[in-house]
Amino acid sequence: MKQKIIKNTKENILDVARNLFAEYTYLCVSMNDIASKLNITKPALYYHFKDKKELYKEILERVFKELETEIFKAVNQVKDPKAKLYQLIISYLKYGQKEKFLVKSLFLCFTKIDTSLKNEVIKLWNKLNFSLQKIFEEIFSNKQQDIKAIASLFISIMNGLLLEQSLNDKLNFEEITKRVAIILEVERK
Numbered sequence: 001m002k003q004k005i006i007k008n009t010k011e012n013i014l015d016v017a018r019n020l021f022a023e024y025t026y027l028c029v030s031m032n033d034i035a036s037k038l039n040i041t042k043p044a045l046y047y048h049f050k051d052k053k054e055l056y057k058e059i060l061e062r063v064f065k066e067l068e069t070e071i072f073k074a075v076n077q078v079k080d081p082k083a084k085l086y087q088l089i090i091s092y093l094k095y096g097q098k099e100k101f102l103v104k105s106l107f108l109c110f111t112k113i114d115t116s117l118k119n120e121v122i123k124l125w126n127k128l129n130f131s132l133q134k135i136f137e138e139i140f141s142n143k144q145q146d147i148k149a150i151a152s153l154f155i156s157i158m159n160g161l162l163l164e165q166s167l168n169d170k171l172n173f174e175e176i177t178k179r180v181a182i183i184l185e186v187e188r189k
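For the sequence shown, position 94 (counting from the first letter as 1) is numbered 94 according to full-length UniProt numbering, and the numbering increases by one without interruption.
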């Protein structure tokens, strides 16, 4: 029973911290803010996480894993390469819309963030890039293409769109998906 309470407390901490970081960014949220929002003591918070950086890293890992899971789930529902490409774009954008404040935090907090946290984010982006390369190998099968470059291009385009989307709620998903697909389709030929 005690283990279940501890696990639930940790999950609550992660959920509340994720929302606070998403709304106010990493730099503007303290462990005290998180403890206050949860109505727990700081020692209870530190029982689960040694510091804010460790807490943030765990949230980042979860967010990237969720994004990767959503992408693969969507892409694996279709067989046609063009349909896979559309599903890839749509799932990335939908996840970004759902996590738009956290996405904004990821992009906007890097100017003063510490090096180890930056390196963690870079590691996670690289892991995502590697996973996307597997999808692009399917989409671009039998084509002589630099899959690594295509995956990097895709991430760059999508992250720019996610940032724009977090700042502007009026983006048209369908139109964006078509435009990105056109750019990537040129690479397929």
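We treat Cβ as the ideally placed atom computed from N, Cα and C, and that holds for glycine.
None of these values were measured; they are calculated from a predicted model.
Exercise for the section: Within 10 angstroms of the Cβ of F130, are there 16 or more other Cβ atoms? Answer buried if so, exposed if not. Expected result: exposed
Handout entry: R188 in three-state terms, based on DSSP
Key = In this prediction, R188 has a pLDDT of 48, which is less than 50 and means its spatial position is unreliable; what the coordinates show is noted afterwards. If DSSP states are grouped into helix, strand and coil, R188 belongs with the helices.
Exercise for the section: Check each candidate in A83, L20 and K10 and name the one with the smallest Cα separation from K50. Expected result: K10
Handout entry: Nearest to L163 (by Cα), restricted to the options E99, I150 and F136
Key = Residue E99 is the option with its Cα nearest to L163.
Problem - Own chain, CB closer than 8 Å to A17, minus 5 neighbours either side, in chain order - result: V29, I34, L55, Y56 and I59
Exercise for the section: Output the distance between the C-alpha atoms of K42 and L14, rounded to the nearest integer angstrom. Expected result: 14 Å
Practice task
Rounded to whole angstroms, what's the CA-CA distance from K118 to E175? Just pull it up for me.
Solution key: 33 Å
Problem - Residue of I155, Q97 and N159 minimising C-alpha distance to F173 - result: Q97
Problem - Three-state secondary structure assigned by DSSP to F140 - result: coil
Exercise for the section: Reducing DSSP to helix, strand and coil, say where Q97 ends up. Expected result: helix
Practice task
Please report how far the alpha carbon of F140 lies from the alpha carbon of S36, in whole angstroms.
Solution key: 50 Å
Problem - DSSP state of A17 mapped onto helix, strand, coil - result: helix
Handout entry: Candidates I150, K123 and L128: closest to E70 by CA position
Key = L128
Problem - Selection from D80, L124, L38 and Y46 that minimises the alpha carbon distance to E66 - result: L124
Problem - Cβ-Cβ separation, I135 to V75 (assumed contact under 8 Å), whole Å - result: 6 Å
Exercise for the section: Go to Q165, then tell me how far its alpha helix (DSSP H) extends in each direction, as first and last residue. Expected result: I147 to L167
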